[in-house]
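Working notes for the structure below.
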Amino acid sequence: MYLPPEWPPEVRPPSVPDWETSAVAWLLDAVPPDYRAYEVLRRHPIALARMAVRHVDAAVEAARAGYRNAAVELKGHLPPHAVEAVLDVYRAEGPRLVRLSRSIAVVEQALRGDLFTATMRNLR
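The opening position of the sequence shown corresponds to residue 23 in my numbering, with each subsequent residue numbered one higher.
This is the structure we're talking about:
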């Protein structure tokens with residue numbers, strides 16, 4: 023079975039029985055810990071995946087806004103090297119969050135029953 027490159031290694035392939043259990047565990051790690059209190063999200067992994075998409079996409083937007091504004095907001099409150107270090111954090115976190123968002127999206131696709139196929143573009 024083909025898995026897209028965005029597929030998270032922590033989630034078993036959809037071809038494996040009970041793979042959804044690993045998907046739920048991984049998705050719960052991607053959202054705030056309070057989400058674990060809602061049994062409906064464990065019973066309905068598609069709902070959990072949808073909430074995870076929204077949560078992580080909001081975090082991506084927050085990181086972008088934070089990066090754009092950090093130098094102005096922190097100037098005078100932190101030394102210049104600390105402001106640059108904060109910007110480095112945003113430079114690392116932004117791409118990580120985008121990758122996480124893409125991984126959540128492919129897991130959600132699989133939870134919805136979509137199959138993945140390799141294309142010439144995937145094989146390059």
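Cβ atoms here follow ideal geometry from the backbone N, Cα and C, with glycine treated the same way. Computed from a prediction, not measured in an experiment: that's the story for all the values here.
By alpha-carbon distance to A45, the top candidate from I68, A59, P26 is I68. Per DSSP, the continuous alpha helix (DSSP H) segment holding V128 begins and ends at 102-133. For V82, the enclosing alpha helix (DSSP H) starts and ends at 67-96. Within its own chain, no residue has a Cβ closer than 6 Å to the Cβ of R76 once the five positions on either side in sequence are excluded.
Secondary structure at A52: helix, using DSSP grouped into helix, strand and coil. Setting aside the 5 residues that flank it on each side, G88 is surrounded in the same chain by Y112, each with a C-beta closer than 7 Å to its C-beta; the list follows chain order. Y24 places its beta carbon less than 8 Å from that of T139. Distance from the CA of D51 to the CA of T141, rounded to the nearest whole angstrom, comes to 31 Å. The criterion of a C-beta distance shorter than 8 Å is not satisfied by S123 and D56.
When only Cα atoms are considered, V62 and V38 end up about 23 Å apart.
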